[in-house]
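**Student:** If you read the sequences in order, they're chains A and B. Its first residue numbered 1015, the first sequence is counted upward by one per residue in this note's numbering. Its first residue numbered 2, the second sequence is counted upward by one per residue in this note's numbering. Ideal Cβ positions, reconstructed from N, Cα and C, are used throughout, including at glycine. Note that the structure is predicted; figures quoted are calculated from it, not measured. Quick one: the structure is below, and I'll ask about it shortly.
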Amino acid sequence: AQTVTQSQPEMSVQEAETVTLSCTYDTSESDYYLFWYKQPPSRQMILVIRQEAYKQQNATENRFSVNFQKAAKSFSLKISDSQLGDAAMYFCAYRSAPLNYGGATNKLIFGTGTLLAVQP
Amino acid sequence: DGGITQSPKYLFRKEGQNVTLSCEQNLNHDAMYWYRQDPGQGLRLIYYSQIVNDFQKGDIAEGYSVSREKKESFPLTVTSAQKNPTAFYLCASSRRAEKPAYEQYFGPGTRLTVT
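Printed below as a string of structure tokens:
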């Protein structure tokens, strides 16, 4: 079974600085997807970024980027130029890639989250 | 505006009572999901449904039941058999499970407190 581990329960960063959140996962599959979700105090889950395992290029979305190391099964999130609005719980999630139509559940497996504080 | 609605935001029940949490989406998504969130444990899948009139158990289905009579609606019933029902419940939806991986859109959640 696949597992996702986030070893940093809490992190803190100064406004405008850069912070990296860690995520490791365990799987025997070769094709899968990885996601970072943000959960602000409102508790609304918001997709931050996604990575497809068969793509070697690291995904980037504005100030958010990932460092995907497939061999090491590592998927870290880098937030550049941190803003007060980035303060939230961040979850790493894994999803298997379907082998065929309807062959997978689109089930997400989540890590336990990292609570990010942004200091002004 | 397209999205997912969950009601109510806060729900209080006495122990031994069944309670139903509502989830409605107008995104025309085929798949819908229920997650439970507890402090320090991330999100865990309770039930999911890929099409109308079909649903499967997730990792922690015991004490819960669902129905999927309409594409837009996926209500979750927390029964008296659920030993620790107090939690935050999140509903999500997505397009069908096929490549590429479509993101799951989440509702605002319902905080259930059972005393």
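#1: Helix, strand or coil: how does DSSP classify residue 55(B) here?
#2: Kindly list, in the order they appear in chain B, the residues whose Cβ is closer than 7 angstroms to that of residue 1061(A).
#3: Per DSSP, what kind of secondary structure is residue 1040(A) in: helix, strand or coil?
#4: Using the Cβ count rule (16 or more neighbours within 10 Å means buried), how would you classify residue 13(B)?
#5: Would residue 1122(A) pass as an interface residue toward chain B - the criterion being a Cβ-Cβ separation below 8 angstroms?
#6: With 8 angstroms as the threshold, decide whether the Cβ of residue 109(B) is near any Cβ in chain A.
#7: With a cut-off of 8 angstroms, does the C-beta of residue 1019(A) fall near any C-beta of chain B?
#8: I'd like to confirm the pairing. Which residues does DSSP put opposite residue 111(B) in its beta bridges?
#9: Closer than 8 angstroms, CB to CB, is residue 12(B) near chain A or not?
#10: Going by DSSP, what residues sit across from residue 22(B) in a beta bridge?
**Tutor:** For this structure:
#1: As a first step, residue 55(B) is located in the second sequence; it is residue number 54 there, counting from the start. Residue 55(B) falls in the strand class under three-state DSSP.
#2: Reading the first sequence from its first residue, position 47 is the one you call residue 1061(A). The contacting residues are 104.
#3: As a position in the first sequence, residue 1040(A) is number 26, starting the count at 1. Three-state result, residue 1040(A): strand.
#4: Within the second sequence, the letter at position 12 stands for residue 13(B). Classification of residue 13(B): exposed, given that the 10 Å Cβ count is below 16.
#5: Residue 1122(A) sits at position 108 when you count from the first residue of the first sequence. In terms of beta-carbon proximity, residue 1122(A) lines the interface with chain B, with at least one pair separated by less than 8 angstroms.
#6: In the second sequence, the residue the question calls residue 109(B) occupies position 108. So, interface residue.
#7: One-based indexing of the first sequence puts residue 1019(A) at position 5. It does not; no Cβ of chain B falls within 8 angstroms.
#8: Residue numbering aside, residue 111(B) sits at position 110 when the second sequence is read from its first letter. Residue pairing by DSSP places residue 111(B) opposite 90(B) in a beta bridge.
#9: Reading the second sequence from its first residue, position 11 is the one you call residue 12(B). It does not: the Cβ of residue 12(B) has no partner Cβ on chain A nearer than 8 angstroms.
#10: Looking up residue 22(B) in the second sequence gives position 21. For residue 22(B), which the question treats as bridged, DSSP gives the partners 77(B).
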